[in-house]
Amino acid sequence: MHNIAIALSKKGFKVTGSDDEIFEPSLSRLKAAGILPDAFGWFPQRITPDIDTVVLGMHARSDNPELLKAQELGLNIVSFPEFLFQQTKNKQRVVVAGSHGKTTTTAMILHALRFAGKTFDYMVGSQIDGFDLMADISDNAPLAVFEGDEYLSSPIDRRSKFLWYQPHLAIITGIEWDHMNVFPTFESYINAFRLFAQKIPANGKLFCCSHDEVLKSMISKGSISCEVVFYDGLPWQQINGASSFQYRGKTYRTSLFGDHNFQNMHAALLVCLDLGIDADLFCRSMESFSGAKRRLQTILAAENPIYYDFAHAPSKVRATVKAVKALHPKQKVVAAYELHTFSSLNRDFIPHYAGTFDLADEVMIFFSPDTLKHKNMPLLDAQFIKNSVKHPSVNVYTAPEPMFEHLSRRWNDGSVVLLMTSGNFGGFNPIAWVDNLPKK
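Oh and the sequence shown: position 228 is 243 in the numbering used here, straight run, nothing missing.
Okay, structure coming up:
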């Protein structure tokens, strides 16, 4: 939301906004752009008849006083995805969906398009090197590339966000049950992706990961009118710590590793080929692709490095742990994971993490009681979490400081550290922690 507000402000639109809390880096960016609210909170007097459009984010509630005032005045109220669609409805749209990997795959497409000198609108869920903002809308770009989220559009629009976009080209990286607070059954979750696929026009194209059995089953039963193409992943290898991948007989260097990243790269390649990007140019662009922030990001390069990843779905946790252990087979890998989403904090869902940490030598699980309180969820029992994870060496923490002290000792002992969260470890700053580690 703050990225598109800044982008529109730079184009000369008068943009104002409200929120009860604004965190970094949003706060500094809004301040630098001159559109940071004077005060945090909700002020219905700010909602006036001369406002052209109110863009409603998911953080607001349906009884929000500013929303109620906008409804009373009969203003044009749209969700964030509806706004993006309205701004790009006359453009070719590419949407990357999936329970995991969609940010990285979207970032790969954007990086390749920029490398090829193309102009495009975009929205992606993480900061990418070479891009000042995570979203931008222009008047003249013929193409829009969006990361497609299956979560709800707004408090008053219960449709999945990606159902608004109606893409001409789309990717589904995989389907794994998430957002139990919105999709109470796995079938209801799958149905959101089925509806997404059905919105692709008959002359469009959908790229799907062939390794995902749930996705393949959905496609076979989905009454989907567009062409469906399955991808496997580009062949890759790692020798003496250096990664490379192959395509059409040529080898290219890359800083990426892990099977899932080369599955994502294959999907991005196929989309870019459809967009007219030369295959060799795409592959050369991947040599300079450093990844999206917090997507298996190296935050300390050392003999025993520290990685930071957004992993939250069990399959993504498993894939990330596997990738890091494969890169460091002779070193101990300590995996620290935060339970943060509605699903991961749900007592009925936590057993899905059984076996996901098997390749780690030690596991640390963190959850914040404040997060549970904020989400109106019951407190969790540490022993239940240990029993559910089913790992021989697991500790559970409800405060970040003791966990990171433990991680510091393990790192000093020579262990590789893997941090995984879609949250913020209870407000703890891992980057600052890394900066304060005694360098060897």
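Every residue, glycine too, gets a C-beta built ideally from N, C-alpha and C.
Item: If we call anything under 8 Å between Cβ atoms a contact, is Ser359 one with His327?; Value: yes
Item: Taking Cβ positions only, does Met195 come closer than 8 Å to chain D?; Value: The displayed structure is made up of one protein chain only, and chain D is not part of it.
Item: Rounding to the nearest angstrom, what Cα-Cα distance links Pro384 and Leu394 in this structure?; Value: 7 Å
Item: Would you identify the three-state DSSP class for Ser169, choosing helix, strand or coil?; Value: strand
Item: If contacts are defined as beta-carbon pairs under 8 Å, then Thr188 and Lys106 qualify, I think. What distance do you get, rounded to the angstrom?; Value: In fact, because the Cβ distance is near 23 Å, the residues do not count as touching under 8 Å.
Item: Would you tell me roughly how many angstroms separate the C-alpha atoms of Pro366 and Phe38, rounded to the nearest one?; Value: 32 Å
Item: I need the DSSP call for Gln86, collapsed to helix, strand or coil.; Value: helix
Item: Which residues bound the alpha helix (DSSP H) around Arg309?; Value: Run containing Arg309: none; DSSP gives neither H nor E here.
Item: Just how far apart, CA to CA, sit Leu374 and Asn439?; Value: 24 Å
Item: Would you mind listing the alpha helix (DSSP H) stretches within the segment 258-292 that are 4+ residues and don't spill past its ends, in chain order?; Value: 274-289
Item: Locate the beta strand (DSSP E) running through Trp6, then write down its first and last residues.; Value: In the structure as shown, the chain starts at 16 and stops at 455, and residue 6 therefore has no counterpart that could be examined.
Item: What is the C-beta distance between Pro329 and Tyr368, in whole angstroms, given that I count them as a contact (C-beta under 8 Å)?; Value: 5 Å
Item: Helix, strand or coil, according to DSSP, for Val93 in the structure here?; Value: strand
Item: Out of curiosity, what's the CA-to-CA distance linking Leu158 and Thr134?; Value: 7 Å
Item: State the Cα-Cα distance for the pair Phe55 and Gly32, rounded to the nearest angstrom.; Value: 10 Å
Item: Quick check: Val431 and Pro320, are their CB atoms within less than 8 Å of each other?; Value: yes
Item: Measuring alpha carbon to alpha carbon, tell me which residue in Gly273, Ala350, Ala414 is nearest His406.; Value: Ala350
Item: Buried or exposed: which applies to Glu416, given that a residue is buried once 16 or more other Cβ atoms fall within 10 Å of its Cβ?; Value: exposed
Item: Spatial neighbours of Gly530 within its chain, please: CB distance less than 6 Å, with the 5 preceding and 5 following residues excluded, ordered by chain position.; Value: This structure cannot speak to residue 530, because the chain is shown only from 16 to 455.
Item: In the DSSP assignment, what are the bridge partners of Lys220?; Value: Leu184, Glu242
Item: Can you give me the C-alpha to C-alpha distance between Met418 and Asn155, rounded to a whole angstrom?; Value: 50 Å
Item: Any idea what DSSP makes of Leu433, helix, strand or coil?; Value: strand
Item: How is Gln398 classed by DSSP in three states: helix, strand or coil?; Value: helix
Item: Measuring CA to CA, which of Arg61, Pro52, Ile66, Phe130 is closest to Ser300?; Value: Phe130
Item: Using alpha carbons as the reference points, say which of Ala122, Glu165, Ser153 lies closest to Ala146.; Value: One point to set straight first is that residue 146 is Phe, not Ala, in the sequence displayed. If we check each option's Cα against that of Phe146, Ala122 comes out closest.
Item: Which partner residues does Phe381 have in the DSSP bridge list?; Value: Glu353, Tyr412
Item: Closest to Gly442 by C-alpha separation, out of Val93, Phe381, Leu422, would be which residue?; Value: Phe381
Item: Can you give me the Cβ contacts of Ser303 inside the same chain, cut-off strictly under 8 Å, excluding the 5 residues immediately before and after it?; Value: His126, Phe130
Item: Expressed to the nearest angstrom, what Euclidean distance is found between the alpha-carbon atoms of Thr68 and Ser238?; Value: 36 Å
Item: Please report the distance separating the alpha-carbon of Val160 from that of Tyr137.; Value: 5 Å
Item: Going by alpha carbons, who is nearest to Ile215 out of Phe277, Leu178, Leu90?; Value: Leu178
Item: In its own chain, which residues sit with a C-beta less than 8 Å from the C-beta of Pro59, not counting the 5 before and 5 after it?; Value: Pro80, Glu81, Leu83, Lys84
Item: Between the C-alpha atoms of Leu288 and Asp295, what's the straight-line distance to the nearest angstrom?; Value: 10 Å
Item: Have a look at Ile62, His115, Thr413, Val93 and flag the residue whose alpha-carbon is nearest the alpha-carbon of Val70.; Value: Val93
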